[in-house]
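Participant: Dumping the structure here so I can ask a few things about it.
There are 2 protein chains.
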Amino acid sequence: MKLSNSQLKFIKSLHLRKFRQKYHNFIVEGTKIAQEVLSGNELEVEGIYALPEWVDANSGILVGRNDALTVIAPEELKKISLLSTPNQVLLVVKEPSIQFDANAVGQGLSLYLEDIRDPGNLGTILRIADWFGIPWVFCSPESVELFNPKVIQASMGAFLRVKCMPIEFSELRQALPDLAVYGTVLDGAPVFEADLEERAVIVIGNESRGISDTLQPFLNHRISIPKGKTGGAESLNAAVAAGIICAVFRDFTGG
Amino acid sequence: MKLSNSQLKFIKSLHLRKFRQKYHNFIVEGTKIAQEVLSGNELEVEGIYALPEWVDANSGILVGRNDALTVIAPEELKKISLLSTPNQVLLVVKEPSIQFDANAVGQGLSLYLEDIRDPGNLGTILRIADWFGIPWVFCSPESVELFNPKVIQASMGAFLRVKCMPIEFSELRQALPDLAVYGTVLDGAPVFEADLEERAVIVIGNESRGISDTLQPFLNHRISIPKGKTGGAESLNAAVAAGIICAVFRDFTGG
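Same order as they appear, the protein sequences are chains A and B. So for the first sequence, the working numbering puts the first residue at 969; every next one is plus one. So for the second sequence, the working numbering puts the first residue at 969; every next one is plus one.
In structure tokens:
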């Protein structure tokens, strides 16, 4: 019922990016996501730290997982949890290795996120991709790390289904030279009137400065979200903009 | 250069809802929003707590504001700030009193948020309303408080332009019995195909349970955001859903 010092030290180290990258492990918290992870085969679960009542209520998905399971008391869970509100289970999961597949990417719609810094935004964008059935989300190497616990939390399980990987845009472009590249810019053509293609990559720029000058030349199509006539805001939140663009693409291409 | 104990105590009390409601004051932080607040006349600024370099760089907007200004050192600002990253200025602002105007509301599009709990979501929705020129955002009394510092932060200045007030939905309905009420529900008609009216209120439901059974009977139009054919997520983030619906309304009605 109590964690050993080495368990405690190891799990807490995963709160930091440095150690996530060293051990290739990350933390998944919360009843619903834990159930989803344990019911599927997408991820390798190395540790399950759960309260007795959670273990009792979830015996079905714990079959064959005794080696990974540690039943702990609430005060122990609190020590390793990153959530402020009480919680019943924490998983230590192995980072999946995602193989870039140019052929698969070239067949549909994907997103490229340039320097998205806010973990909530990245998680929310993964959830958007999951909703609209967009299988690949690429990030610039300077974007927030996918396995940041706040990204995982905000994605609401989307990280299980959407393939997310860091890659330089130039590398993506080289692998897929014919893919149409759309970018959301303030002076672009209104997305509702634009000609949208089924096989494309949509670039979402950084929260404060939008799409960089380095990436701008790669855009084949500059699109925008039309502002209301009396609208005042300077911009929309990056995840909201991504959601609107993806919704219009999906409507236009019928995907 | 140093805050008095009573200043310190008062400003820190505004970190809590209880005292914001007692004093009808709230906190606005950050260079850009502070500049916007001080350049306009929308809000009464009762206190300006700024670093010397910020005061030097912003002398123009500080004219006639000497009584409210306290020049402080970074370590003092840190004591009263809610931000984790360094900052240059904090304002104590008087809560505006917003008068409900049924006539004005009845002339256009507005939003009704039912029990939105996440301050980031409320702030982001205000920013969306501001972008699309939606002048009124109503909240159920159980929603997160508008003057929560995280709401103010996420709204990026939208709280200056968008009128946001708590009101029971039944009261809003009584004041505007003819207004069309749209609600986003999972089994609604796809928003891209729906008949959208220029004068309407769009209801956005709570983050986990959507629109309540109490409010459902008020909906004249049940709409939805179509999921991709291979989409996996159970839902979209509430602010993202609001953004998509508002964008489609604005496109449809040309507002």
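Each residue gets a CB set at the ideal place from its N, CA and C atoms; glycine is no exception.
Looking at B/G1211 and A/G1211, is the spacing between their C-beta atoms short of 8 angstroms?
Facilitator: The residue labelled residue 1211 of chain A in the question sits at position 243 within the first sequence. The residue labelled residue 1211 of chain B in the question sits at position 243 within the second sequence. Yes, Cβ-Cβ distance for A/G1211 and B/G1211 is below 8 angstroms.
Participant: Are the Cβ atoms of A/V1073 and A/W1104 separated by less than 8 angstroms?
Facilitator: For the purposes of this step, residue 1073 of chain A is taken as residue 105 along the first sequence, with counting starting at 1. For the purposes of this step, residue 1104 of chain A is taken as residue 136 along the first sequence, with counting starting at 1. Their beta carbons are under 8 angstroms apart, which means A/V1073 touches A/W1104 by this criterion.
Participant: List the residues of chain B that A/L1114 touches, going by C-beta distances under 9 angstroms, in chain order.
Facilitator: As a first step, residue 1114 of chain A must be located in the first sequence, where it is residue number 146. Ordered by position in chain B, no residue passes the 9 angstroms Cβ test against A/L1114, which lies about 17 angstroms from the chain.
Participant: Under DSSP, the alpha helix (DSSP H) around A/N1089 begins and ends at which residues?
Facilitator: In the first sequence, counting from the first residue as 1, residue 1089 of chain A sits at position 121. Its alpha helix (DSSP H) spans residues P1087 to F1100.
Participant: Over the uninterrupted beta strand (DSSP E) stretch that includes B/G993, give me the two end residues.
Facilitator: Reading the second sequence from its first residue, position 25 is the one you call residue 993 of chain B. Note that residue 993 of chain B is Asn in the sequence shown, not Gly. From DSSP, the beta strand (DSSP E) with B/N993 extends over N993 to E997.
Participant: In the DSSP assignment, what are the bridge partners of A/P1134?
Facilitator: Translated into positions along the first sequence, residue 1134 of chain A becomes position 166. DSSP, once it has assigned bridges, lists A/C1107 as partnering A/P1134.
Participant: Confirm, please, whether the CB-CB distance from A/I1120 to A/F994 is below 8 angstroms.
Facilitator: Here the question's residue 994 of chain A lines up with position 26 in the first sequence. Here the question's residue 1120 of chain A lines up with position 152 in the first sequence. A contact, by the Cβ cut-off of 8 angstroms.
Participant: Once the 5 residues before and after A/T1038 are set aside, which same chain residues still bring their CB inside 6 angstroms of it?
Facilitator: As a first step, residue 1038 of chain A is located in the first sequence; it is residue number 70 there, counting from the start. For A/T1038, where only same-chain residues beyond five positions count, the Cβ hits under 6 angstroms are Y1017.
Participant: Does the beta-carbon distance from B/I1102 to B/T1152 come in below 8 angstroms?
Facilitator: For the purposes of this step, residue 1102 of chain B is taken as the residue at position 134 of the second sequence. For the purposes of this step, residue 1152 of chain B is taken as the residue at position 184 of the second sequence. It is not a contact, given that the beta carbons lie outside the stated cut-off.
Participant: Does the distance from the C-beta atom of B/L1058 to that of B/E1012 stay below 8 angstroms?
Facilitator: The residue given as residue 1058 of chain B occupies position 90 in the second sequence. The residue given as residue 1012 of chain B occupies position 44 in the second sequence. Cβ atoms of B/L1058 and B/E1012: not closer than 8 angstroms.
Participant: Helix, strand or coil for A/S1192? Go by DSSP, reduced to three states.
Facilitator: Along the first sequence, read from residue 1 onward, the residue named residue 1192 of chain A stands at position 224. Note: A/S1192 maps to strand in three-state DSSP.
Participant: What are the residues of the stretch 1161-1183 of chain B that lie near chain A, defined by any Cβ-Cβ distance shorter than 8 angstroms?
Facilitator: Cβ contacts with chain A come from no residue of the stretch 1161-1183 of chain B.
Participant: Run through DSSP, which three-state label would A/P1158 get?
Facilitator: Within the first sequence, the letter at position 190 stands for residue 1158 of chain A. A/P1158: strand per DSSP, three-state reduction.
Participant: So which residues of chain B does A/R985 contact, with C-beta pairs closer than 9 angstroms?
Facilitator: For the purposes of this step, residue 985 of chain A is taken as the residue at position 17 of the first sequence. None at all; the shortest Cβ gap to chain B is about 16 angstroms.
Participant: Rounded to whole angstroms, what is the Cα-Cα separation between B/I1093 and A/E1202?
Facilitator: As a position in the second sequence, residue 1093 of chain B is number 125, starting the count at 1. As a position in the first sequence, residue 1202 of chain A is number 234, starting the count at 1. B/I1093 and A/E1202: Cα-Cα distance of roughly 14 angstroms.
Participant: Indicate the three-state DSSP secondary structure (helix, strand or coil) for B/N1174 in the structure shown.
Facilitator: Start at 1 with the first residue of the second sequence, and residue 1174 of chain B comes out as number 206. The answer is strand: DSSP assigns B/N1174 an E or B state.
Participant: Which chain B residues are close to A/I1066, counting only those with a beta carbon under 8 angstroms from its beta carbon?
Facilitator: Here residue 1066 of chain A corresponds to residue number 98 of the first sequence, with the count starting at 1. Going along chain B, no residue has its Cβ under 8 angstroms from A/I1066, so there is no contact; the nearest lies around 16 angstroms.
Participant: When you compare only the Cα positions, how much space is there between A/Y991 and B/T1182?
Facilitator: Here the question's residue 991 of chain A lines up with position 23 in the first sequence. Here the question's residue 1182 of chain B lines up with position 214 in the second sequence. Answer to the nearest angstrom: the Cα atoms are 49 angstroms apart.
Participant: Any idea what DSSP makes of A/I1016, helix, strand or coil?
Facilitator: Locating residue 1016 of chain A in the first sequence gives position 48, where the first residue counts as 1. In the structure shown, A/I1016 sits in a strand (DSSP, three-state: E or B).
Participant: Looking only at its chain, what residues have a beta carbon closer than 7 angstroms to the beta carbon of A/A1206, apart from the 5 residues adjacent to it on each side?
Facilitator: In the first sequence, residue 1206 of chain A corresponds to position 238, counting from 1. Contacts found: I1084, N1089, I1172 and E1175.
Participant: Counting only C-beta atoms, is B/P1194 closer than 8 angstroms to chain A at any point?
Facilitator: On the second sequence, position 226 is the one that residue 1194 of chain B refers to. Taking Cβ atoms only, chain A reaches closer than 8 angstroms to B/P1194, which makes this a yes.
Participant: Whose C-alpha, out of B/E1136, B/F1115 and B/C1132, is nearest the C-alpha of B/P1109?
Facilitator: Translated into the one-based positions of the second sequence, residue 1109 of chain B becomes position 141. The option with the nearest alpha carbon to B/P1109 is B/E1136.
Participant: Can you find a C-beta in chain D that's less than 8 angstroms from the C-beta of B/D1098?
Facilitator: Annotation note: the requested chain D is absent from the structure, which comprises protein chains A and B.
Participant: Using a 10 Å radius around the Cβ and a threshold of 16 neighbouring Cβ atoms, would you call A/D1146 buried or exposed?
Facilitator: Within the first sequence, the letter at position 178 stands for residue 1146 of chain A. A/D1146 comes out exposed.
Participant: Quick one: give me the first and last residue of the beta strand (DSSP E) that A/L1037 is part of.
Facilitator: As a position in the first sequence, residue 1037 of chain A is number 69, starting the count at 1. Where A/L1037 is concerned, the enclosing beta strand (DSSP E) stretches over L1037 to V1039.
Participant: Work out the CA separation of A/I1170 and A/D1098 for me, nearest whole Å.
Facilitator: For the purposes of this step, residue 1098 of chain A is taken as the residue at position 130 of the first sequence. For the purposes of this step, residue 1170 of chain A is taken as the residue at position 202 of the first sequence. Those two C-alpha atoms are separated by around 15 angstroms.
Participant: Quickly, what does DSSP pair A/S1078 with across the bridge? List them, please.
Facilitator: Here the question's residue 1078 of chain A lines up with position 110 in the first sequence. The partner list for A/S1078 (beta bridge, DSSP) reads A/W1104 and A/V1169.
Participant: List the endpoints of the continuous alpha helix (DSSP H) containing A/V1119.
Facilitator: For the purposes of this step, residue 1119 of chain A is identified with residue 151 of the first sequence, where counting begins at 1. Residues P1117 to S1123.
Participant: In chain A, which residues lie less than 9 angstroms from B/G1155 when you measure between Cβ atoms?
Facilitator: Here residue 1155 of chain B is taken as the residue at index 187 of the second sequence, counted from 1. The residue asked about is misnamed: residue 1155 of chain B is Asp in this sequence, not Gly. Near B/D1155 there are no residues of chain A at all, since even the closest Cβ is about 15 angstroms away, more than 9 angstroms.
Participant: Going by other Cβ atoms of all chains shown within 10 Å of its Cβ, with 16 needed for buried, is A/R1218 buried or exposed?
Facilitator: On the first sequence, position 250 is the one that residue 1218 of chain A refers to. By the neighbour-count rule (16 or more Cβ atoms within 10 Å), A/R1218 is buried.
Participant: Which of the three DSSP states, helix, strand or coil, is assigned to B/K1062?
Facilitator: If you number the second sequence from 1, residue 1062 of chain B lands on position 94. The answer is strand: DSSP assigns B/K1062 an E or B state.
Participant: Quick one: list the residues of chain A neighbouring B/R1095, beta-carbon separation under 7 angstroms, in chain order.
Facilitator: Counting from one through the second sequence, the residue named residue 1095 of chain B turns up at place 127. Simply A1201, L1204 and N1205.
Participant: In the stretch 1123-1136 of chain A, which residues sit with their C-beta less than 7 angstroms from some C-beta in chain B, listed in chain order?
Facilitator: Cβ contacts with chain B come from M1124, A1126 and R1129.
Participant: Taking only beta-carbon atoms, is A/D1069 less than 8 angstroms away from chain B?
Facilitator: As a first step, residue 1069 of chain A is located in the first sequence; it is residue number 101 there, counting from the start. So no, A/D1069 is outside the interface.
Participant: Would you kindly report the start and end of the unbroken alpha helix (DSSP H) that includes B/K980?
Facilitator: The residue given as residue 980 of chain B occupies position 12 in the second sequence. Unbroken alpha helix (DSSP H) run through B/K980: N973 to S981.
Participant: Leaving out the 5 sequence neighbours to the left and right, which residues in its chain are closer than 6 angstroms to B/F987 when beta-carbon positions are compared?
Facilitator: The residue you call residue 987 of chain B lines up with position 19 of the second sequence. Result list for B/F987: S981, in chain order.
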